[in-house]
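Novice: Shown below is the structure under consideration.
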Amino acid sequence: MITLLIGLVDAFYTYVVRITFRISLLIHDVNEDVVKELTSIPTLLMISCLHNDKMYFYIAGQKHMFVKIAEFINTLSRKYHFNYDLYLHPITPSRDYVRTYSIPYEHFSKEGKWIISEEELLNVFEKELARIKKENNVNKDL
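Start counting the sequence shown at -5; every next residue gets the next number (my numbering).
Printed below as a string of structure tokens:
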């Protein structure tokens, strides 16, 4: 991990391994012992003190680590009697479930208004539908 403190950039992280998730952990009623124990998680990247005795922890990891980290946090919560909220954020979701599309910039005026006609949209839709039918060997009458 490399941290730079230049201008508006307060941190820059470089990972040597492929990170597959991050955990946002919000702990209520934190004490010093809890923080000390949580710092033993090797992939803990950030700790922030919030108001009302709450703390935010940012943990990154690989998929084989998640259960062990979650069990460790749960064990600490029973040991020190605190409540927590754990949010799991996948970083590298499966390509089967992720699609990205954009509207070409040429369909917007300089004022940011949509300038494509319904006829053009219908034409593009029909071409795409024909391509999909051909790929999937679907009857053209459908």
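Ideal Cβ placement from N, Cα and C applies to all residues, glycine included.
What does PHE102 pair with, by DSSP beta-bridge criteria?
Specialist: Against the sequence shown, residue 102 aligns to sequence position 108. Its beta-bridge partners are TRP108.
Novice: By the three-class DSSP mapping on this structure, what secondary structure does ILE17 have?
Specialist: Reading the sequence shown from its first residue, position 23 is the one you call residue 17. Correct three-state label for ILE17: strand.
Novice: Are the region 40 to 59 and the region 108 to 126 touching, with three or more C-beta to C-beta distances below 8 Å?
Specialist: Verdict: no, contact absent.
Novice: Pairing CB atoms from the region 24 to 36 with CB atoms from the region 70 to 88, are three or more of them under 8 Å?
Specialist: They touch, by the three-pair rule.
Novice: Indicate the three-state DSSP secondary structure (helix, strand or coil) for ILE137 in the structure shown.
Specialist: Outside the displayed span of the chain (-5 to 136) sits residue 137, for which this structure offers no information.
Novice: Quick one: measure Cβ to Cβ for LEU80 and ALA64, integer angstroms, because I've assumed they're closer than 8 Å.
Specialist: As a first step, residue 80 must be located in the sequence shown, where it is residue number 86. As a first step, residue 64 must be located in the sequence shown, where it is residue number 70. With 8 Å as the limit, LEU80 and ALA64 qualify as a contact, their Cβ atoms being about 7 Å apart.
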